[in-house]
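In my numbering, the protein residues as written are 7 to 571.
Notes follow the structure.
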């Protein structure tokens, strides 16, 4: 009560404007949990609980000075403010709250989620039915984790003017989402820093501090020791021109002594030279495009007889989920790369070479604006393509052409609002707490669901009038999860996204929402429900699988079939 710490934390670090003032404080309204010690500090989680409910209205980090000069604290805070935002627009470090010299306290944003060490431990125990054999999900997410960890460290270095980096980057200092189509990720500690002016040394630090320890931590998962993942992060953060220039200037001198053992350093430098040579010859493939293409190919391998409509729709879904439209606006040619590495990957050699040349010109900016469109037309005239490839070539020119306009995937506007069933179904989650699944009762509940989506690192959330919602609320009426779906016809619906509040995950809330949606749609005569190929392990347990006629994953709803337990 001697400071304005709590009031300022609510203002600066609270979940949004309009949050109630934190006073008067009652018994049990504040909880402080010790998390650990850091360089010259003790770290605590501070939670404020409004009188209205059991979930905290504010969560923030409270740091207590042990043996730092206050000027050292201020120096770190100034650096964090400087590194908070940059040209990329994404935060890489935590938002800072207030500092209180007399009490030796300062606050900062609490980043929910798992640090990389805990995340990899969990993913190593989860199987992925869409991968061959009994593969852990860590194997499929590993490239995303490495690239994003490296990009956070590189971006921090860039925002400091390329003069300061983490002294010891480790998995414990990075928080990342668990799905490669999600956004987010943050450095949760920059207390240990050192001067650094060389990109190669920044990358070597990440390799030594994060990648190699993770390989040793999970020897049975057969993770790739792929230096190109680190280099890709540098190209994405700095841009191809700057990254190439820096690497070609620094690699002849190698890695600075002491960062890697001599043999590992030699291997690292050799791999970096190969990557640079490949980029010079073929251009750079951004991580988002690479991951999106790989997800499409996984789906295509599971569904080799998929129809043209199903393939096109799945490609659309993946393109949207990975934000490739935005990437193409920033980096023209990225969308062409997606097509090249998915639907044209097995094309005729001469055609693929010509397409690569067209993409290289677009990426290099050597042609006139929209010259690539004429190039696509030339490709069509120069090669005799199978009907499917000709269709996708046309879609490169006209992305607005919606493949859902065919067959069962056409939208029937007369059905708008048909799923508006005014009933609330009570269920019990695995913790024994009651849930109420229903449509949103008012705009506040709709907005609450959208806030959960944003807090869960979804890149974009559909909000159009053609979309319908189900929410799950607790006994106090708070929205704890929900889903978004769309009726496409009398017989077909598409489930777009499912989300659950962080405090209620792992209790079966998401599965309860999906099962309730299946029951409602079946009662209305729906025969099939499709969803994107984004959480295949989760939806596999709920009866979804691949079908050549449909994009992504699908579940049929025959009336005589019981819902899976």
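The C-beta atom is built at its ideal place from N, Cα and C for all residues, glycine as well.
Values in this document were obtained by computation on a predicted structure and should not be read as measured data.
Practice item. Decide if residue 516 is buried, meaning its Cβ has at least 16 other Cβ atoms within 10 Å, or exposed. Key: With 16 or more Cβ atoms within 10 Å of its Cβ, residue 516 is classed as buried.
Review point. Can you check whether the CB of residue 240 is closer than 7 Å to the CB of residue 230?
Key: Not a contact, by the Cβ cut-off of 7 Å.
**Study point:** Contact under 7 Å by Cβ, residue 49 with residue 193
**Key:** Contact flag unset, no.
Practice item. List the DSSP bridge partners of residue 67. Key: As computed with DSSP, residue 67 is found in a beta bridge with 51, 114.
Review point. CB of residue 143 to nearest heavy atom of the ligand MG: below 6 Å?
Key: As presented, the structure is devoid of all ligands, the ligand MG included, so that no description of it is given.
Practice item. Enumerate in chain order the residues of its own chain whose CB-to-CB distance from residue 275 is below 7 Å, with the five nearest sequence positions on each side excluded. Key: For residue 275, where only same-chain residues beyond five positions count, the Cβ hits under 7 Å are 257, 260, 261.
**Study point:** Per DSSP, the bridge partner or partners of residue 323
**Key:** Answer by DSSP bridge pairing: none, since residue 323 is not bridged.
Exercise for review: Could you tell me which residues DSSP pairs with residue 433 in its beta bridges?
Suggested key: According to DSSP, which records beta bridges pairwise, residue 433 is partnered with 441.
Check your understanding: Since residue 490 sits in a beta bridge, which residues does DSSP pair it with?
Key -> By DSSP's assignment, residue 490 forms a beta bridge with 475, 503.
**Study point:** Which listed residue (14, 326, 478, 339) has its alpha carbon closest to that of residue 290
**Key:** Selection 14, 326, 478, 339 evaluated against residue 290 yields 339 as nearest (Cα-Cα).
**Study point:** For residue 563, three-class secondary structure by DSSP
**Key:** Three-state result, residue 563: coil.
Check your understanding: How far does the alpha helix (DSSP H) with residue 199 in it reach, from first residue to last?
Key -> Segment 199-201 is the beta strand (DSSP E) holding residue 199; no alpha helix (DSSP H) there.
Practice item. May I ask you to report which of helix, strand or coil DSSP gives residue 281? Key: It is helical.
Check your understanding: How many angstroms separate the CA atom of residue 170 from the CA atom of residue 187?
Key -> Whole-angstrom Cα-Cα distance: 30 Å.
**Study point:** Inter-residue CB distance, residue 455 and residue 477 (contact presumed, cutoff 8 Å)
**Key:** Right, the Cβ-Cβ distance comes to about 5 Å (below 8 Å), so this counts as a contact.
Review point. With distances taken between CB atoms, is the gap from residue 323 to residue 538 smaller than 7 Å?
Key: Yes; because the gap between Cβ atoms is below 7 Å, this pair is in contact.
Check your understanding: For residue 581, which three-state DSSP category applies?
Key -> Here the chain has residues from 7 to 571 only, and residue 581 is not among them.
Review point. Between residue 115 and residue 67, which are expected to be in contact by the criterion C-beta below 8 Å, what is the C-beta distance as a whole number of angstroms?
Key: Indeed they touch by this definition, with Cβ atoms about 7 Å apart.
Practice item. Tell whether a beta-carbon distance below 7 Å holds between residue 4 and residue 228. Key: Here the chain has residues from 7 to 571 only, and residue 4 is not among them.
Review point. Which of helix, strand or coil does DSSP assign to residue 103?
Key: Correct three-state label for residue 103: strand.
**Study point:** Simplified DSSP assignment, three categories, for residue 79
**Key:** In the three-state reduction of the DSSP assignment, residue 79 falls in the helix class, which pools H, G and I.
Exercise for review: Quick one: residues in its chain with C-beta nearer than 8 Å to the C-beta of residue 158, no 5 flanking neighbours on either side, listed in chain order?
Suggested key: These residues qualify, in order along the chain: 98, 180, 191, 192, 193.
Exercise for review: Mark residue 532 as exposed unless 16 or more other C-beta atoms lie within 10 angstroms of its C-beta, in which case mark it buried.
Suggested key: When all chains shown are included, residue 532 counts as buried.
Point to revise | Other residues of its chain near residue 302: CB distance less than 7 Å, five sequence neighbours each side excluded | key: The answer, listed in chain order, is 320, 321, 324, 348.
Check your understanding: Leaving out five residues before and five after residue 343 in sequence, what residues of the same chain have Cβ atoms less than 7 Å from its Cβ?
Key -> So the qualifying residues of the chain are 291, 295, 365.
Check your understanding: Which residues bound the beta strand (DSSP E) around residue 557?
Key -> Looking at the DSSP string, residue 557 is not in any beta strand (DSSP E), and its letter there is neither H nor E.
Point to revise | Cβ shell of residue 382 (< 8 Å), same chain only, five flanking positions each side left out | key: So the qualifying residues of the chain are 364, 399, 402, 403.
Practice item. Give the range of the alpha helix (DSSP H) segment to which residue 398 is assigned. Key: For residue 398, the uninterrupted alpha helix (DSSP H) run begins and ends at 393-403, by DSSP.
Point to revise | Same chain only: Cβ atoms within 6 Å of residue 479, ignoring 5 sequence neighbours per side | key: Residues of the same chain with a CB within less than 6 Å of the CB of residue 479, apart from the 5 flanking positions on each side, are 442, 485 in chain order.
Check your understanding: Can you find a CB in chain B that lies within less than 7 Å of the CB of residue 213?
Key -> Here chain B cannot be found, since the structure has a single protein chain.
Check your understanding: Quick check: the region 220-227 against the region 275-285, are there 3 or more CB pairs under 8 Å?
Key -> Result no; under three Cβ-Cβ pairs closer than 8 Å.
Exercise for review: Look up residue 551 in the DSSP assignment and give the residues it is bridged to.
Suggested key: Partner(s): 560.
Practice item. With a threshold of 16 other CB atoms inside 10 Å of the CB of residue 102, please say whether the residue is buried or exposed. Key: Residue 102 counts as buried, since no fewer than 16 other beta carbons sit within 10 angstroms of its beta carbon.
Review point. Hey, how far is the Cα of residue 167 from the Cα of residue 161?
Key: Those two C-alpha atoms are separated by around 10 Å.
Check your understanding: Among residues of its own chain, excluding the 5 on either side of residue 546, which ones have a beta-carbon nearer than 7 Å to its beta-carbon?
Key -> Same-chain partners within the cutoff: 135.
**Study point:** Candidates 464, 488, 555, 511: closest to residue 498 by CA position
**Key:** Nearest neighbour of residue 498 by Cα position, chosen from 464, 488, 555, 511, turns out to be 555.
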